[in-house]
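Notes for the one structure printed next.
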Amino acid sequence: MNDMVLNHKLIFQLLLLFALGAFQEIQYFQQFGFFLLGCLLYFSISLLFYSCKTKKQQQLVALGLLVSLVVFGTFCSQLFYYLIPITIGGYWVDFIVFPG
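For the sequence shown, position 90 (counting from the first letter as 1) is numbered 112 according to this note's numbering, and the numbering increases by one without interruption.
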C-alpha cells in the first residue's frame, strides 16, 4: 500500500515539475525541445523500471535514471536536479528496505 502512495506522490511531483518547467522553458524557446526530450526520456525510463523482472535490472534502470538526470540537468535545464531526490526516494529506498 505504501508503494502506491509513493507512486502517486511521485507522479504528482513529476507532473508539477513538468508544468512549472515547461512554463519557464517557453520563455527560452531554443531550450524547450531538449527539456521536453529529457522529460519524455525520464517518464519512459521510469516505466521501464516496472517492467524489469529482476532486482539487478531494476538497479541498472534506476542508475540510468540518475545518470540521465545529471546529464540533462547539466546540459539542458537545472530543473532536472530536483528529480534526483525523488528518484532516490522512489526507487533506491526500495532496494534498501526490500533487499533480495
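The C-beta atom is built at its ideal place from N, Cα and C for all residues, glycine as well.
Practice task
Report the residue from 73, 36, 71, 75 whose alpha carbon sits nearest the alpha carbon of residue 58.
Solution key: Sequence index remark: in the sequence shown, residue 58 carries index 36 (1-based). The residue with the shortest Cα to Cα distance from residue 58 is 36.
Problem - Option nearest residue 116 by Cα separation, candidates 93, 91, 78 - result: Locating residue 116 in the sequence shown gives position 94, where the first residue counts as 1. Residue 116 has its Cα closest to that of 78, out of 93, 91, 78.
Exercise for the section: In the DSSP assignment, find the unbroken alpha helix (DSSP H) run with residue 109 in it and report its ends. Expected result: Locating residue 109 in the sequence shown gives position 87, where the first residue counts as 1. That run of the alpha helix (DSSP H) goes 105-109.
Exercise for the section: Would you mind reading off the limits of the alpha helix (DSSP H) that contains residue 75? Expected result: Counting from 1 along the sequence shown, the entry for residue 75 is found at position 53. Run containing residue 75: none; DSSP gives neither H nor E here.
Practice task
Could you pull the start and end residues of the alpha helix (DSSP H) that residue 117 belongs to?
Solution key: For the purposes of this step, residue 117 is taken as residue 95 along the sequence shown, with counting starting at 1. 115-119 is the extent of the alpha helix (DSSP H) around residue 117.
Problem - Three-way DSSP call (helix, strand, coil) for residue 99 in this model - result: Translated into positions along the sequence shown, residue 99 becomes position 77. Reduced to three states, the DSSP call for residue 99 is coil.
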